[in-house]
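Undergrad: Okay, so the sequence shown: first residue is 14 according to this note's numbering, each after it adds one. C-beta atoms are modelled at their ideal positions from N, C-alpha and C, and glycine is treated no differently.
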Amino acid sequence: MEKTLLLVGGGHAHVYLINKIIKEKQKFKTILVSSSQYQFYSGMASGYIENIYSDTDINFDLKRLCKLGEIEFFEEKVVKIDPKNKNVTLKSGEKIEFDIASFDTGSELKIDNKYLDKEKIIGIKPLTNLKKIKEKLRNLNFEKIKILVIGAGAAGIELSLALKELEKQLNKKIEINILDRGDTLLSTFPKKVQDIVKEKIYQSSIVLHLNEEVEEIKDKQLITKKGLILDYDLILWAGGPTSNQIYKNSGMSVDSKGYMIVNHFLQNVDFEYIFGAGDCISIQNYSHIKKVGVYAIKEAPYLWKNILNYFNAKSLEAYIPQNEFLLIISLGNKKGVLSYKDIVLNGSLVWKLKNYIDKGFMKKFNTEF
Ligand SMILES: Cc1cc2nc3c(=O)[nH]c(=O)nc-3n(C[C@H](O)[C@H](O)[C@H](O)COP(=O)(O)OP(=O)(O)OC[C@H]3O[C@@H](n4cnc5c(N)ncnc54)[C@H](O)[C@@H]3O)c2cc1C
């Protein structure tokens with residue numbers, strides 16, 4: 014009987030797998046379940062906000078790609094995993110059986126549930142919310158829009174600087190305050206990068222409030238634990254990643270933060286027919302690695318090879334995460350700052366390099382067919 018490979022989540026690693034299946038028909042049946050037909054590519058998120066990239070530039074159309082690869086596609090959310098009985102349950106209640114499953118569902122936004130579904134608070138995840146942010150800004154009929162960005166990590170910073178570029182295109186003033194409970198912006202980046210970005214933030218008239226934590230959010234005001242009161246029209250929540258509860262609830266081993274534990278073969282430590290990649294996994298002995306797309310991309314070839322080898326009862330190949338990788342923060346207006354090992358570079362050429370890498374990725378996995 015034909016075996017079934019179930020892919021859950023259309024993240025970076027699974028986009029690679031879909032590409033492989035399009036190019037080379039497999040003997041097994043493949044099903045993809047992902048919450049949205051469109052998978053936004055986060056590397057181009059800030060460029061999308063400042064209108065450098067269009068919707069089509071930044072989106073993978075998973076339905077279209079699946080059709081090309083004869084993959085059955087469900088625009089649905091997996092709400093339950095039954096690893097022992099090899100099935101998942103969708104939000105609609107439908108069950109899908111599998112022989113091998115692979116999870117690439119990313120991470121969720123760290124946000125208090127009480128702030129979800131509020132009209133004036135938009136989380137930056139799922140990334141499809143970026144579209145909502147742009148629409149909201151277009152539709153707010155104020156001469157000056159007061160935006161509070163929660164979180165001074167890479168996403169919050171890039172987004173804020175991109176919004177200041179968007180301000181030049183809209184006939185409105187955008188005032189931005191960034192709030193972070195930490196004592197520095199970009200806490201996981203080298204000091205040199207922090208200093209360059211701090212200077213850029215200052216030049217852009219963005220106000221950064223460090224060591225400040227949200228206490229209460231009223232209809233038009235945010236109050237911090239130290240009593241700072243900030244007026245707002247819109248809050249953008251960029252509070253960092255957290256895990257999806259489906260893994261913990263399934264009875265599979267998860268790390269202290271709730272991410273699914275896999276071994277060096279990207280294989281679930283309890284169920285050898287379950288694999289995973291990207292933000293949703295925690296690799297044994299490497300649970301500290303950052304939740305960035307780079308890892309999902311680097312893991313993808315190993316994930317694919319190991320799934321094929323598992324199907325064919327061959328030995329699997331170990332993936333060792335790299336410690337150092339190239340990181341580029343977009344500073345807006347086609348400029349960026351790059352850090353790699355001890356090297357820090359800043360300017361237009363850096364952005365050109367980022368644009369080249371990002372466009373190349375989209376071309377290879379989205380548009381070359
Ligand atoms: C604004 C922003 C900018 C960023 N910029 C960069 C950058 O420049 N470089 C970088 O390396 N990283 C960046 N990151 C981090 C990066 O986005 C993540 O690390 C990366 O997307 C993780 O990839 P992934 O493949 O694990 O999952 P994702 O890309 O998050 O994809 C997961 C997919 O699974 C789907 N899904 C989730 N749950 C379910 C479910 N239960 N059932 C079905 N489908 C589900 C989601 O809809 C989504 O399509 C950025 C993040 C943000 C928020």
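To the nearest angstrom, report how far apart residue 315 and residue 35 are at their CA atoms.
TA: Your numbering for residue 315 matches position 302 in the sequence shown. Your numbering for residue 35 matches position 22 in the sequence shown. Taking the straight line from one Cα to the other gives about 18 Å.
Undergrad: Between residue 117 and ligand 1, is the CB less than 6 Å from at least one heavy atom?
TA: In the sequence shown, counting from the first residue as 1, residue 117 sits at position 104. Under cutoff, so the answer is yes.
Undergrad: Write down the C-beta distance between residue 265 and residue 96 rounded to the nearest angstrom, noting that I regard them as a contact closer than 8 Å.
TA: As a first step, residue 265 is located in the sequence shown; it is residue number 252 there, counting from the start. As a first step, residue 96 is located in the sequence shown; it is residue number 83 there, counting from the start. Contact flag correct, Cβ pair sits at about 6 Å.
Undergrad: Please list, in chain order, all residues of the same chain as residue 252 whose beta carbon is under 6 Å from its beta carbon, the five residues on each side excluded.
TA: Taking the first residue of the sequence shown as 1, we reach residue 252 at position 239. The answer, listed in chain order, is 123, 124, 163 and 164.
Undergrad: At what residues does the beta strand (DSSP E) containing residue 273 begin and finish?
TA: Translated into positions along the sequence shown, residue 273 becomes position 260. Note, residue 273: beta strand (DSSP E), 273-275.
Undergrad: Please go through the stretch 29-72 and give each complete beta strand (DSSP E) segment of 3 or more residues, from N-terminal end onward.
TA: 42-47 and 51-53
Undergrad: Using 7 Å as the limit for Cβ to Cβ distance, is residue 361 near chain D?
TA: Annotation note: the requested chain D is absent from the structure, which comprises a single protein chain.
Undergrad: Residue 293 and residue 116: beta carbons closer than 7 Å?
TA: Here residue 293 refers to the residue found at position 280 of the sequence shown. Here residue 116 refers to the residue found at position 103 of the sequence shown. A contact, by the Cβ cut-off of 7 Å.
Undergrad: Look at the alpha carbon of residue 153 and the alpha carbon of residue 146, and state the distance between them as a whole number of angstroms.
TA: In the sequence shown, residue 153 corresponds to position 140, counting from 1. In the sequence shown, residue 146 corresponds to position 133, counting from 1. Using only the alpha carbons, I get a separation of about 11 Å.
Undergrad: DSSP on residue 188, reduced to helix/strand/coil?
TA: For the purposes of this step, residue 188 is taken as residue 175 along the sequence shown, with counting starting at 1. Looking at residue 188 - three-state DSSP - the assignment turns out to be strand.
Undergrad: Compute the distance between the beta-carbons of residue 48 and residue 90, then report whether it is under 7 Å.
TA: The sequence position of residue 48 within the sequence shown is 35, counting from 1. The sequence position of residue 90 within the sequence shown is 77, counting from 1. It is a contact, given that the beta carbons lie within the stated cut-off.
Undergrad: Secondary structure at residue 92, three-state DSSP: helix, strand or coil?
TA: Position 79 of the sequence shown holds residue 92. Three-state result, residue 92: strand.
Undergrad: Based on the DSSP secondary-structure assignment, which residues constitute the bridge partners of residue 364?
TA: Start at 1 with the first residue of the sequence shown, and residue 364 comes out as number 351. Partner(s): none; residue 364 has no beta bridge.
Undergrad: Which value, in whole angstroms, describes the spacing of the CA atoms of residue 276 and residue 320?
TA: One-based indexing of the sequence shown puts residue 276 at position 263. One-based indexing of the sequence shown puts residue 320 at position 307. Distance between the alpha carbons of residue 276 and residue 320: 14 Å.
Undergrad: How would you call residue 223, buried or exposed, if buried means at least 16 neighbouring beta carbons within 10 angstroms?
TA: Looking up residue 223 in the sequence shown gives position 210. By the neighbour-count rule (16 or more Cβ atoms within 10 Å), residue 223 is not buried but exposed.
Undergrad: With a CB to CB cut of under 7 Å and the five nearest residues on each side skipped, what residues in its chain are close to residue 298?
TA: For this step, residue 298 is matched to residue 285 along the sequence shown. Cβ within range, chain order: n/a, list empty.
Undergrad: Measuring alpha carbon to alpha carbon, tell me which of 288, 157, 220 and 168 ends up nearest residue 191.
TA: Locating residue 191 in the sequence shown gives position 178, where the first residue counts as 1. When only C-alpha atoms are compared, the closest one is 220.
Undergrad: Under the criterion of a Cβ to heavy atom distance below 6 Å, does residue 162 qualify as lining ligand 1?
TA: Within the sequence shown, the letter at position 149 stands for residue 162. Residue 162 Cβ: outside cutoff for every heavy atom of ligand 1.
Undergrad: Beta-carbon within less than 6 Å of residue 271's beta-carbon, same chain only, minus the 5 sequence neighbours each way: which residues are those?
TA: In the sequence shown, counting from the first residue as 1, residue 271 sits at position 258. Cβ within range, chain order: 256 and 261.
Undergrad: Might you give, ordered along the chain, the residues of its own chain that have their beta carbon closer than 8 Å to the beta carbon of residue 263, omitting 5 neighbours on each side?
TA: Residue mapping note: residue 263 aligns to position 250 of the sequence shown, counting from 1. Only 93, 94, 95 and 96 meet the Cβ criterion.
Undergrad: Does the beta-carbon of residue 333, which I'm using as the reference point, lie nearer than 6 Å to any heavy atom of ligand 2?
TA: Absence of ligand 2 from the depicted structure is noted, with ligand 1 being the only ligands included.
Undergrad: For residue 118, which residues from the same chain have a beta carbon less than 7 Å from its beta carbon, with the 5 sequence-adjacent residues on both sides left out?
TA: As a first step, residue 118 is located in the sequence shown; it is residue number 105 there, counting from the start. So the qualifying residues of the chain are 21, 22, 24, 257 and 293.
Undergrad: Output needed for residue 199: all residues of its chain with C-beta closer than 8 Å, excluding positions within five of it in sequence on either side, in chain order.
TA: Within the sequence shown, residue 199 is the residue found at index 186, counting from 1. Taken in chain order, the residues that qualify are 165, 166, 167, 170, 206, 207, 210 and 342.
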